[in-house]
Amino acid sequence: MDLFEYQGKQFFARYGMPVSDGEVAFTTDEAVAAAKRLGTPVMVKAQVHTGGRGKAGGVKFAATVDDVRTYADAILGLDINGHVVGRVWIEKASDIAEEYYVSFTLDRSAKKHLGMLRPGVEGKSRRWPTRTLMQSPRSGLILWTAWMRPPPATGWLRQPCRRPL
Numbered sequence: 001m002d003l004f005e006y007q008g009k010q011f012f013a014r015y016g017m018p019v020s021d022g023e024v025a026f027t028t029d030e031a032v033a034a035a036k037r038l039g040t041p042v043m044v045k046a047q048v049h050t051g052g053r054g055k056a057g058g059v060k061f062a063a064t065v066d067d068v069r070t071y072a073d074a075i076l077g078l079d080i081n082g083h084v085v086g087r088v089w090i091e092k093a094s095d096i097a098e099e100y101y102v103s104f105t106l107d108r109s110a111k112k113h114l115g116m117l118r119p120g121v122e123g124k125s126r127r128w129p130t131r132t133l134m135q136s137p138r139s140g141l142i143l144w145t146a147w148m149r150p151p152p153a154t155g156w157l158r159q160p161c162r163r164p165l
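At position 65 of the sequence shown the residue is numbered 65 (my numbering), and the sequence of numbers has no breaks.
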């Protein structure tokens, strides 16, 4: 199952996980209306089933509603790794202290599901391959398991990662 970022965030919110407020938009006018409802600043984020959105110009900080119009116009229809952007996620901007990549996937070679958690996004954590925490969802991520890994592999797990603007 492939979920867009906004679908994952809606799912998390439904089950009580804190996520930034946001709205999906299929047109520039919808993006502008969403930004007006949310209040600026916002992020304009391409919704495609591929990585590298930021590097391809598909994630932009918009300080004003005019910025939202400019960026939504540029992002909608953009080709990112062979995926044409048909929707954007307009999200209330946050002051981010740290970012984490979280993934649940099927490890076909091991014939098992795999959950991954690591600092950074879009390959930024390649400098710290030992900081990738992999855990079978079947046994669940037991917090003490993550905390008991030797530093520096999980020292980053102990820090708060986000605070609202």
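Glycine included, every Cβ here is placed at the ideal spot set by N, Cα and C.
Distance between residue j and residue i (C-alpha atoms, nearest Å)
i, j, result
"TYR101", "GLY8", "13 Å"
"ALA34", "GLY82", "27 Å"
"THR28", "SER109", "42 Å"
"VAL65", "VAL32", "6 Å"
"ALA62", "GLU5", "18 Å"
"ARG118", "GLY51", "15 Å"
"ALA25", "VAL85", "11 Å"
"SER125", "PHE12", "Only weak support is given to the placement of SER125: the predicted model assigns it a pLDDT of 46, under 50, and the value that follows is read from those uncertain coordinates. Cα to Cα, SER125 sits roughly 24 Å from PHE12."
"LEU3", "TRP89", "13 Å"
"LYS45", "LYS111", "33 Å"
"TYR15", "LEU78", "32 Å"
"LYS60", "MET116", "26 Å"
"ARG87", "LEU76", "6 Å"
"GLN10", "ASP67", "25 Å"
"GLU99", "LEU38", "22 Å"
Local conformation of residue i per DSSP, three classes
i, result
"PHE4", "coil"
"ARG37", "helix"
"ALA13", "helix"
"VAL48", "coil"
"GLU99", "coil"
"ASP79", "strand"
"ARG108", "coil"
Cβ shell of residue i (< 8 Å), same chain only, five flanking positions each side left out
i, result
"ASP107", "HIS113, LEU114"
"ARG69", "THR28, ALA31, VAL32"
"LYS36", "VAL65"
Neighbourhood of residue i by C-beta distance below 7 Å, restricted to the same chain and skipping five residues each side
i, result
"THR40", "ALA62, ALA63, THR64, VAL65"
"ASP73", "THR28"
"TYR71", "VAL44, LYS60, ALA62"
Contact belief for residue i with residue j at Cβ below 8 Å, rounded distance in angstroms
i, j, result
"VAL42", "ILE80", "That belief does not hold up - the Cβ atoms of VAL42 and ILE80 are roughly 20 Å apart, past 8 Å."
Within the chosen definition, does the stretch 54-67 reach the stretch 102-117 through at least 3 CB pairs nearer than 8 Å? Taking 8 Å as the limit for Cβ pairs, the verdict is that the stretch 102-117 does not touch the stretch 54-67.
Three or more C-beta pairs under 8 Å: does that hold for the stretch 8-23 against the stretch 84-103? Contact between the stretch 8-23 and the stretch 84-103 is present, with at least three C-beta pairs closer than 8 Å.
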